[in-house]
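**Student:** Pasting a structure below so you can have a look.
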Amino acid sequence: MRGPLRITIAGAGYVGVVTGLVFARHGHHVTFVDLDASRLEALSAGRVPIHEPGLPDLLTEVRANIAVSSNLKDSVSASDFTFLCVGTPSSADGTMDLGQVRAAATEVGRGVKAGHVVVVKSTVIPGTTEGVVIPALEAGGRKAGRDFEVACNPEFLREGAAVRDALAPDRIVVGGSPKAANAVLALYSWTDSPKLVVAPGTAEMIKFAANTFLATRVALSNEIANLCTRTGVDWVDVARGIGFDARIGPQFLRAGVGFGGYCFPKDVMALAALGRSLSAPSLIAEAVVGNNQVQYREALRLLGEEVGEVKGKRVALLGLAFKADTDDVRETRAYPLWRDLTAAGAHVVCHDPIAGPAFLRVAPGARVVKSVGEALAGADAALFQTEWEEYKALEPARFVREMARPIVIDGRRTFDSSALRRAGVRYRAIGLG
Ligand code: UGA
Numbered sequence: 003m004r005g006p007l008r009i010t011i012a013g014a015g016y017v018g019v020v021t022g023l024v025f026a027r028h029g030h031h032v033t034f035v036d037l038d039a040s041r042l043e044a045l046s047a048g049r050v051p052i053h054e055p056g057l058p059d060l061l062t063e064v065r066a067n068i069a070v071s072s073n074l075k076d077s078v079s080a081s082d083f084t085f086l087c088v089g090t091p092s093s094a095d096g097t098m099d100l101g102q103v104r105a106a107a108t109e110v111g112r113g114v115k116a117g118h119v120v121v122v123k124s125t126v127i128p129g130t131t132e133g134v135v136i137p138a139l140e141a142g143g144r145k146a147g148r149d150f151e152v153a154c155n156p157e158f159l160r161e162g163a164a165v166r167d168a169l170a171p172d173r174i175v176v177g178g179s180p181k182a183a184n185a186v187l188a189l190y191s192w193t194d195s196p197k198l199v200v201a202p203g204t205a206e207m208i209k210f211a212a213n214t215f216l217a218t219r220v221a222l223s224n225e226i227a228n229l230c231t232r233t234g235v236d237w238v239d240v241a242r243g244i245g246f247d248a249r250i251g252p253q254f255l256r257a258g259v260g261f262g263g264y265c266f267p268k269d270v271m272a273l274a275a276l277g278r279s280l281s282a283p284s285l286i287a288e289a290v291v292g293n294n295q296v297q298y299r300e301a302l303r304l305l306g307e308e309v310g311e312v313k314g315k316r317v318a319l320l321g322l323a324f325k326a327d328t329d330d331v332r333e334t335r336a337y338p339l340w341r342d343l344t345a346a347g348a349h350v351v352c353h354d355p356i357a358g359p360a361f362l363r364v365a366p367g368a369r370v371v372k373s374v375g376e377a378l379a380g381a382d383a384a385l386f387q388t389e390w391e392e393y394k395a396l397e398p399a400r401f402v403r404e405m406a407r408p409i410v411i412d413g414r415r416t417f418d419s420s421a422l423r424r425a426g427v428r429y430r431a432i433g434l435g
């Protein structure tokens with residue numbers, strides 16, 4: 003690899019921050035650019051703007067190699083590479099809103115100099131790099147492939163495990179011309195993970211296919227788990243049984259209240275919308291979206307079986323983040339659970355080890371308490387939505403001691419059912435017959 007390179011990261015969200023810090027760790031000079039000044043202030047003060055295990059230490063380690071800027075064009079002009087890491091949210095009709103990508107690419111196009119490499123890391127619908135990003139870049143007057151290079155390099159890291167995933171990626175996918183792809187691959191020379199060079203549209207589709215496959219596994223697991231609940235079977239045993247089949251494998255078979263987060267819901271919806279727009283309906287993707295929108299109700303059904311009418315009952319809702327080890331509440335299943343319980347007249351007392359403040363921004367009327375004890379005290383039932391270690395470590399006797407009625411509804415298969423039942427808890431879980 004050449005010596006240290008200058009890299010601009012456009013968009014200091016989960017993907018941008020983690021990607022940038024990993025490049026900085028490998029000796030490059032990284033400048034983060036974002037419209038949100040508070041994110042930049044945090045980074046330059048040595049604070050990470052998101053909760054992600056290992057990220058504060060990584061930032062401390064590489065601080066000398068990073069800078070921040072609010073001027074994308076100037077930062078690009080002074081860089082060798084620009085990574086587009088801006089958001090691609092859903093529009094109201096489920097299609098992907100490429101507004102941030104288009105705006106950032108236009109600004110980058112004003113700053114690119116000869117030899118610059120622009121890399122699309124945001125998750126974008128197939129065809130975006132060539133059909134949207136390159137025209138926006140070229141509006142600045144320079145030509146892709148002649149004056150500068152463009153590649154697509156999707157990211158596969160998971161929130162909550164982002165640093166681990168980014169430091170040891172399971173594959174590097176690059177879409178672009180051989181020249182563009184080689185330039186990007188040189189940035190990853192430190193890892194011996196498999197590297198795949200394809201056309202930009204293929205790289206974009208690989209990302210969509212991966213997330214849709216994974217989301218489909220989760221949705222199908224949930225659907226079969228719901229049958230297990232009704233047929234006296236334990237889905238955990240079934241998942242173990244099918245997971246030994248090398249064609250199926252053991253991962254992403256955890257049943258629960260459904261998937262949340264920034265990626266699965268919007269990416270599956272965008273794939274379904276793409277199918278509709280191409281007159282090739284994605285019936286499976288549509289079904290996964292529909293299945294996931296109602297799966298949380300399975301936890302409410304179990305709750306209803308145990309406590310009857312929830313009106314006037316006190317329900318502890320434990321876990322507000324969409325998964326453990328993150329403070330991200332985007333598309334968290336805690337939201338519809340809280341909303342429906344509240345609408346049905348329950349007194350919902352919410353808790354999360356770290357995502358409480360973020361949840362209050364999406365559910366301003368929620369009652370969020372600071373400790374598990376406060377949530378459990380006097381509750382008629384406890385519903386677990388996030389599989390936090392703090393919850394797994396709860397001593398079963400506490401439910402009996404502290405709650406009005408020791409009823410636990412496990413939305414993520416967080417607990418050992420026999421330990422809770424031995425302690426006298428009425429324990430119900432998704433997929434546990
Ligand atoms: C997902 C993908 O796993 C990453 O590879 C991808 O890079 C990322 O989206 C993205 O596109 O940016 P993430 O959303 O961070 O990562 O988290 P996951 O661990 O995949 O979990 C997603 C949701 O599925 C969570 O709500 C989780 O609780 C749920 N899930 C996951 C299950 O319900 N069961 C499982 O077995 C696995």
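Per the working numbering, the sequence shown starts with residue 3, numbered consecutively.
In this text, a Cβ means the ideal position worked out from N, Cα and C, and glycines have one as well.
(1) Does the structure place the region 247 to 254 close enough to the region 271 to 279 that three or more beta carbon pairs sit under 8 Å?
(2) Could you tell me which of G380, L86, G133 and S373 sits nearest to E2, measuring between CA atoms?
(3) Residues bridged to M98 by DSSP?
(4) Classify I208: buried if its beta carbon has 16 or more other beta carbons within 10 angstroms, exposed otherwise.
(5) Where do the N-terminal and C-terminal ends of the beta strand (DSSP E) with I244 fall, by residue?
(6) When the distance is taken between beta carbons, is R27 closer than 8 Å to E63?
(7) In whole angstroms, what is the alpha-carbon distance linking V114 and D239?
(8) Cβ of H30 within 8 Å of Cβ of N73?
(9) For a quick check, are the C-beta atoms of V70 and L100 less than 8 Å apart?
(10) Going by DSSP in three states, C230 sits in which element: helix, strand or coil?
(11) Measuring only the C-alpha atoms, how far is D418 from V410?
(12) Apart from the five residues just before and just after P267, which ones in its own chain have a Cβ nearer than 6 Å to its Cβ?
(13) Where do the ends of the beta strand (DSSP E) carrying D76 lie?
(14) Between the region 382 to 392 and the region 331 to 350, are three or more C-beta pairs nearer than 8 Å?
(15) Comparing the CB of F417 with every heavy atom of the ligand UGA, is any distance shorter than 7 Å?
(16) Decide if Q297 is buried, meaning its Cβ has at least 16 other Cβ atoms within 10 Å, or exposed.
(17) Can you tell me where the alpha helix (DSSP H) holding F25 begins and where it ends?
(18) Less than 6 Å between C-beta atoms, sequence neighbours within five positions excluded: which residues of the same chain meet that for L92?
(19) When burial is assigned at 16 or more other CB atoms within 10 Å of the CB, is S223 buried or exposed?
(20) Leaving out five residues on either side along the sequence, give the residues of the same chain with a beta carbon under 8 Å from the beta carbon of D95.
(21) Tell me whether Y429 sits in a helix, a strand or coil according to DSSP, three-state version.
(22) Expressed to the nearest angstrom, what Euclidean distance is found between the alpha-carbon atoms of R423 and Y429?
(23) Out of Q295, K315 and V176, state which residue places its alpha-carbon closest to the alpha-carbon of H349.
(24) Within a Cβ cutoff of 7 Å, which residues of the same chain sit near V364, ignoring the five residues on either side of it in sequence?
(25) Any heavy atom of the ligand UGA closer than 7 Å to the Cβ of C352?
**Tutor:** Put simply:
(1) no
(2) Since the first residue of the chain shown is 3 and the last is 435, residue 2 is not available in this structure.
(3) S92
(4) buried
(5) Segment W237 to G245 is the alpha helix (DSSP H) holding I244; no beta strand (DSSP E) there.
(6) yes
(7) 55 Å
(8) no
(9) no
(10) helix
(11) 12 Å
(12) E333
(13) Note, D76: premise wrong, no beta strand (DSSP E); alpha helix (DSSP H) at L74 to S79.
(14) yes
(15) no
(16) buried
(17) Y16 to R27
(18) Checking the sequence shown, residue 92 turns out to be Ser, not Leu. If we look at S92 and ignore the five residues flanking it on each side, its Cβ neighbours are K268 and M271.
(19) buried
(20) A275
(21) strand
(22) 6 Å
(23) K315
(24) V331 and Y337
(25) no
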